[in-house]
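Chemist: Dropping a structure here in structure tokens format, bear with me for questions.
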Amino acid sequence: PDSQFGIPAAKLGLGYDFSSIAALARLVGASVARDILFSGRFLPADEAIRVGLINRIEPEDTIEAEVQAYAALIASNAPLTVRASKAALREWERDPVDRDLVRVEAMSMPASTATTTKRDGGHSPKNGRRRFGAAEKLLGRVRSYVVGEHAAATMKRTGRKEV
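Per the numbering used here, the sequence shown starts with residue 6, numbered consecutively.
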């Protein structure tokens, strides 16, 4: 609760790149981004959570335990699904012109369709753990297929015999 959050660039005479400013504006809205960037002021934790700059506030004496518990919660989930979600969110944050949606879709497919075995690190119902899709081999096959399809479309569009 005693934490404060801000970007003192205006006070220090520093500039930020467009993509960082755009990410801040998408996160908190243009009006709050203007306030943060123009004033250089620090927001108290209660205001930072209200405007969407942070997700949670924890008391100082329990923050380490809460961080560990949250990290364990994420780590207990299907790794390919978490990885695909992270990639999709990173692409969503990018300028639409620069997005690599083919790569994101290639990562998403195996996470939702792969079968899991104990050998590849999956979780089976037999040992009381949830079952998740993993299969790195399938991910490699899907990537190869998507790259091949992209290459074929590029060759057709450009008339080239090689990519």
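C-beta: ideal position from N, C-alpha, C; glycine also.
Would DSSP call proline 6 helix, strand or coil?
Modeler: Three-state result, proline 6: coil.
Chemist: Just the Cα atoms here: how many angstroms apart are tryptophan 97 and proline 84?
Modeler: Going from the Cα of tryptophan 97 to the Cα of proline 84 covers about 20 Å.
Chemist: Quick check: the Cα distance between lysine 142 and arginine 95, rounded to an integer number of angstroms?
Modeler: With a pLDDT of 46 at lysine 142, under the threshold of 50, the predicted position of this residue should be treated as unreliable, though the coordinate-derived value follows. Their backbone Cα atoms lie some 24 Å apart in a straight line.
Chemist: When we look at the beta-carbon of valine 72 and count the other beta-carbons within 10 Å, is it buried (16 or more) or exposed?
Modeler: Result: exposed.
Chemist: Which residue wins for smallest C-alpha separation from alanine 15, given the options Ser44, Asn82, Ala76?
Modeler: For the residues Ser44, Asn82, Ala76, the minimum Cα distance to alanine 15 belongs to Ser44.
Chemist: Taking all protein chains shown into account, do 16 or more other C-beta atoms lie within 10 angstroms of the C-beta of isoleucine 68, making it buried, or fewer, making it exposed?
Modeler: Exposed, by the Cβ-count rule.
Chemist: Using the Cβ count rule (16 or more neighbours within 10 Å means buried), how would you classify isoleucine 79?
Modeler: Isoleucine 79 comes out exposed.
Chemist: DSSP three-state label for proline 64, please.
Modeler: Here proline 64 sits in coil by DSSP.
Chemist: Using a Cβ-Cβ cut-off of 8 Å, state whether glycine 11 counts as contacting chain E.
Modeler: You won't find chain E in this structure, because it holds only one protein chain.
Chemist: Please report how far the alpha carbon of aspartate 51 lies from the alpha carbon of aspartate 103, in whole angstroms.
Modeler: Looking at the two C-alpha atoms, the distance is approximately 35 Å.
Chemist: Given a cut-off of 8 Å on the beta-carbon distance, is the pair isoleucine 41 and isoleucine 62 in contact?
Modeler: No, Cβ-Cβ distance for isoleucine 41 and isoleucine 62 is not below 8 Å.
Chemist: Determine whether the beta carbon atoms of glycine 57 and valine 87 lie at a separation below 8 Å.
Modeler: Not closer than 8 Å, so no.
Chemist: Rounded to whole angstroms, what is the Cα-Cα separation between isoleucine 54 and serine 8?
Modeler: Roughly 11 Å separates the two Cα atoms.
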